[in-house]
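Single-structure report; data block below.
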């Protein structure tokens, strides 16, 4: 248990003699970081009795520094004390800790409130509010406040802990998980009570998204203490509040992933040498803040007056223009990806108030300004993301600089780090939050961040656009009629961050509108020029039902001023019943591209294609499996989901040789690339043919053909087309001998220019396919051909052509030290929607001193996905590795040097395909030798890859077996 943000590890025993009817018994529970480093394993033990099953539960903490590992589980006769002693669930404070799976533990209902917290499991009874399951396992219990009738707005429910003994000198950490999801969410407060006096320690107001969130408080008291949870009903029934997994651990709390300055400045510190004064912890109740000196600012985290933030009081007469205050982060380890994203929310609301600057401090040297903001930003909180690039340990520095004005203040809140570089402005997939997007006042409804799995009432899209499954997140407007909240012309406005002035930019997004009645999705640009009136320009509008799928939207933006994008859902609640959602927003420089006219995913029909009437069969739209077993795809290629659409021929009827033809509209004469995805799986697959028919002649012979089953996967096809006349493309599927012959098409495209190069990298080009050297290793890979410089090691030829002229990448082991490594980093790779990719490559490891070669991902250099070692002889070997990842990544080839100079290692022909790798033996030899290869020693001649008749008349086949043609 090594990591500053570890939650806990638990051991439960289920007594099977009772028929599993009793709740499991918690035997062992250990909180927080226990190991001193990555190699420090700790022995745990506990006495067992009876007939039982055991379950180990690892609970994720507040950040990614919370990995937990188990090894060497052993059950032996006898008894033992709980070890370590802190893991005894009966120790002090454990009555406060509670998972609410069967009881509320040592917590009690307050008798001075209006109603009680309810112990519950599964989804709360009300739609569009509350969790769909508990935090612990998804199937256990939690407590929540039921906001439905007879509850009224403002009603209060209080849950009180038992009395806790005074803490030791280091205090104790009290942590819990909470859920606040609903369009009319109320307020959740946490109080600390000592000798009857209550002090509010924590608060949240309003919708916090449909997910469980963690919070923690450091308790340090010389007196007995109680904790009180207070849930306050919002303006309607959509305001259920839930709690789960309370823990109480002696000692300080681990640093939070995001610091909200509610109690202190977390693991940040005041600069003592480079600035002039200190940041202050304040709250909206501090009347010194604001242009008039009396305004109150809600903090960003809780949204209420009284929440904490860091601020600079410009009314302090001792401050002079140009003076600054700095806070420094704790020293951070070098980021695994080479970069971290520092996120912060800031508030500046007066002219000449000053500026906020962000720097990076490395080895005592302060960088140039990485990000800066000044001037009046209106009375709102704004988000900024600053990328920190470092190969060594560093600190982030946030500086507030005093301006010439004397009104207002400079404020920051919710400061934290996430691994990897920050999103570009405007880019958000909503998987880890709302990025810089915000709901504002002045409208009737709010956008809510949610997932399809959480929308248990059946509203919303069936899957998000980013991940393509029901666990991915998107932004959603709840339009279930509520007469208390909704009136004619209801609107939900979602505001972007402020963008710089631009001559030409393109904003893109995906959206979903499904339902009946009147509703519109509108996008506008909003000039940002406080305190003057803002100009709103409508740039996009789509109205009414658009089906159960994701649609692509884009529009051009041009502004001489700073501006925002506002996305609005406008509905008529008297008629509209349905869903509106958005996902995957992005902003690019330059104008939006014009969609290619012959591009078709079949999600919205046949596009610019038509069925021909001179054939025997028709192409049919389909989603998921085709009607016949053991043939056809199970999902489309575009989305990889059963809800995606493709076209196919159904071969359950008809005769062998019957055909179905799909024809495009005319394309102007020129040079094009025809690109498409096809699926041919089944025991009696016929053939798929492509014809080019110009306006001067008949179609003639096919320019591309495939026959027979090619496996249960989608395959990319492409054909270069050059014609001096206008032409049309004809796709023809021919039925085989039986019903197991379904053929499918998806994602057709025809665009001007040459076809894109195959994604295989054979290293023949000097750009090395955008592979780069890793500058954190010990030496570099080299680009070579023929033999390497050292006799007795390395390949003699490349793997691509088998000649001394072909290129490959290799390491030279000369003048290296045992253990030196060289890493070659691939370009950013974005997986297909399936998230599963099969990578293939060839490698050479020839020489008595050859050590190791490993295939890794840059995000996890400690865990090779494949590796091998030692002298394998003077030959190229094929290898394939399955990588499962739904997010973009960089692959790495890492070679390590052995004890001598005869240890050269080489790689060549890196390629990939969608899906899990097949066995390494299967091959149809259509495009290459797969992982087969000629041996270079011990035989007399080589096998030759051939098509059509063999060169010698009267011997050999006339055609191959796979396609049955020449």
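In our numbering, the protein residues as written are 13 to 978. Quick reminder that beta carbons are idealized off the backbone N, C-alpha and C, glycines included. In this text the structure is predicted, and so the values were computed from the model without any measurement.
Closest Cα partner of residue i within the set the options
i           : options            : result
residue 781 : 752, 844, 512, 903 : 903
residue 825 : 695, 774, 802      : 802
residue 283 : 537, 407, 641      : 407
residue 800 : 210, 755, 859, 752 : 859
residue 662 : 183, 641, 365      : 641
residue 286 : 249, 269, 703, 337 : 337
residue 578 : 137, 208, 29, 594  : 594
residue 122 : 380, 170, 141      : 170
residue 760 : 855, 441, 125, 648 : 648
residue 983 : 185, 592, 570      : Shown here, the chain extends from 13 to 978; a query on residue 983 therefore has no answer.
residue 571 : 586, 837, 540, 584 : 540
residue 61  : 83, 99, 92, 77     : 92
residue 862 : 872, 822, 893      : 822
residue 188 : 97, 221, 175, 257  : 257
residue 345 : 430, 424, 362, 422 : 430
residue 98  : 42, 117, 55        : 42
residue 48  : 65, 67, 14, 80     : 14
residue 706 : 687, 675, 716, 694 : 675
residue 848 : 569, 898, 944, 424 : 898
residue 869 : 854, 890, 883, 894 : 894
residue 18  : 44, 917, 28        : 44
residue 177 : 526, 260, 645      : 260
residue 250 : 914, 165, 888, 798 : 165
DSSP beta-bridge partners of residue i
i           : result
residue 980 : Since the displayed the chain opens at 13 and closes at 978, residue 980 lies outside it and no answer follows.
residue 705 : 740
residue 851 : 893, 924
residue 431 : 352
residue 578 : 507, 536
residue 549 : 537
residue 682 : 735
residue 657 : 635
residue 147 : According to DSSP, which records beta bridges pairwise, residue 147 is partnered with nothing at all.
residue 692 : 755
residue 878 : 867
residue 201 : 215, 242
The beta strand (DSSP E) enclosing residue i, as first and last residue numbers
i           : result
residue 590 : 589-601
residue 126 : That residue, residue 126, is in no beta strand (DSSP E); it is neither H nor E in DSSP.
residue 733 : 727-735
residue 528 : 514-528
residue 168 : 168-172
residue 676 : 671-676
residue 191 : 184-192
residue 68  : 64-71
residue 371 : 366-374
residue 23  : 20-27
residue 158 : Looking at the DSSP string, residue 158 is not in any beta strand (DSSP E), and its letter there is neither H nor E.
residue 820 : 819-823
residue 49  : Run containing residue 49: none; DSSP gives neither H nor E here.
residue 243 : 238-244
residue 571 : 563-571
residue 464 : Note, residue 464: premise wrong, no beta strand (DSSP E); not H, not E.
residue 227 : 225-231
Contact check, residue i vs residue j, beta carbons under 8 Å
i           : j           : result
residue 679 : residue 738 : yes
residue 212 : residue 265 : no
residue 464 : residue 474 : yes
residue 245 : residue 163 : yes
residue 523 : residue 472 : no
residue 273 : residue 335 : no
residue 2   : residue 831 : This structure cannot speak to residue 2, because the chain is shown only from 13 to 978.
residue 58  : residue 23  : yes
residue 371 : residue 396 : no
residue 459 : residue 531 : no
residue 892 : residue 852 : yes
residue 153 : residue 113 : yes
residue 836 : residue 793 : yes
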